[in-house]
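J.: Heads up: the sequence shown runs through residues 2 to 203, numbered per our numbering.
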Amino acid sequence: MSLFGKKPATPTEKRPDGLDRLPPGQYLTQKWPVLSYEQTPKQLPANWRLKVTGLVENPLELTWDEFLALPRTTLTGDIHCVTTWSRYNNTWEGVHIREILQRAKPLPTAKFVMAHSWTGYTTNLPLEKLDDDDVMIVIKHDGQDITPEHGGPVRLLVPKLYFYKSAKWLYGLEFMEQDRPGFWEQRGYSNSADPWKEERYW
Ligand SMILES: Nc1nc2c(c(=O)[nH]1)N[C@H]1C(S)=C(S)[C@@H](COP(=O)(O)O)O[C@H]1N2
Ligand SMILES: [Mo]
């Protein structure tokens with residue numbers, strides 16, 4: 002069976018903001034492909050902390066239990082990979098990014114964020130793209146704990162950008178004044194990664 006659908010199920014479906022639900026050049030899949038550069042880590046490192054560092058008033062170092070004790074949010078939405086697959090109606094559970102931002106309080110000089118995976122992967126984005134209604138640090142997908150190959154037990158979710166901005170195996174958010182390219186952004190993937198503008202590669 003082919004990984005990608007031949008054509009979108011409902012190609013003319015619109016989002017509330019009037020954009021096509023399916024971004025240009027994307028195909029729908031029901032499956033959830035795995036795309037990882039690194040080997041899948043077996044488990045959360047024993048010394049894992051969610052580290053919020055750099056240009057913030059209150060740097061955070063949350064243990065796993067402290068992270069799990071934060072208020073939870075659930076939302077359903079679509080994801081779009083730069084390699085052209087999209088998957089609709091993913092239900093995510095986790096901690097909304099604003100729970101983190103409220104506690105860490107980025108300084109006025111903070112304009113960009115680097116997300117760090119404990120495997121060494123990084124991805125960068127403007128603070129205004131991180132500080133959005135649908136950005137979360139997620140631990141469940143469609144009601145199940147996120148599996149290790151999909152970034153479990155904890156990954157970032159930035160659904161308005163190509164999925165490489167959603168770092169798997171998340172452990173750090175670093176707030177920066179200047180932008181810096183992350184792992185794929187140094188290797189040819191677009192810095193801005195807007196699927197509706199087809200910002201795929203540079
Ligand atoms: N740590 C890490 N995060 C990552 C990646 C990766 O290789 N390593 N790949 C990115 C890319 S290109 C995509 S499309 C999504 C894939 O997530 P999935 O494997 O859960 O579909 O994760 C993103 N986050
Ligand atoms: Mo991707």
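We put the beta carbon where it would ideally sit given N, CA and C, even for glycine.
None of these values were measured; they are calculated from a predicted model.
1) Rounding to the nearest angstrom, what Cα-Cα distance links R181 and N90 in this structure?
2) Across which residues does DSSP place E175 in a beta bridge pair?
3) Given a cut-off of 8 Å, decide if W86 and P160 are closer than it, judged by their beta-carbon atoms.
4) I'd like to know whether the C-beta atoms of L126 and K166 end up nearer to each other than 8 Å.
5) Would the beta-carbon of E129 be found less than 7 Å away from any heavy atom of ligand 1?
6) If T54 and G173 are in contact, beta carbons under 8 Å, what's the gap, nearest whole angstrom?
7) Compute the distance between the beta-carbons of K169 and W93, then report whether it is under 8 Å.
8) Under a criterion of Cβ closer than 6 Å to any non-hydrogen atom of ligand 1, which residues qualify, in chain order?
9) Does ligand 2 have a heavy atom nearer than 7 Å to the CB of T84?
T.: Per the coordinate set shown:
1) 32 Å
2) T54 and M115
3) no
4) yes
5) no
6) 6 Å
7) no
8) W33, P34, V35, L36, S37, Y38, E39, C82, S118, T120, Y122, H151, G152, F164, Y165, S167, A168, K169 and W170
9) yes
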